[in-house]
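Enquirer: Have a look at this one before I ask anything.
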Amino acid sequence: MAGEAMSVVTAAPKPFYKILYVQVLFGILVGALFGWLWPEYATAPWVKALGDGFIKLIKMLIAPIIFCTVVAG
Numbered sequence: 053m054a055g056e057a058m059s060v061v062t063a064a065p066k067p068f069y070k071i072l073y074v075q076v077l078f079g080i081l082v083g084a085l086f087g088w089l090w091p092e093y094a095t096a097p098w099v100k101a102l103g104d105g106f107i108k109l110i111k112m113l114i115a116p117i118i119f120c121t122v123v124a125g
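Residue numbers for the sequence shown, in the numbering used here: 53 to 125.
If you want it as structure tokens, here you go:
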């Protein structure tokens, strides 16, 4: 027992597509490419409705987060 060497188990590295910053950079690149190739979709009415809905959802989260932060101290 005393003479046995301990083996070190190392985790296998993550594939590049599971790393968050790679996903973010890929999304930015695809969005910029899509906007450059098809700019008429950026001015479509459904894009404004989608963006307005997203902003309203974010605003709905602000009050509960602030409340929980104040209560938790």
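Each residue gets a CB set at the ideal place from its N, CA and C atoms; glycine is no exception.
#1: Express the C-alpha separation of SER59 and ALA101 in angstroms, rounding to a whole number.
#2: Do ALA96 and GLY87 come within 8 Å of each other at the CB atom, strictly closer than that value?
#3: Specify, as a first and last residue, the run of the alpha helix (DSSP H) that LYS111 falls within.
#4: Is VAL60 helix, strand or coil by DSSP?
Expert: A quick look at the data gives this:
#1: 57 Å
#2: In this structure, the beta-carbon distance from GLY87 to ALA96 does not fall below 8 Å.
#3: 97-124
#4: coil
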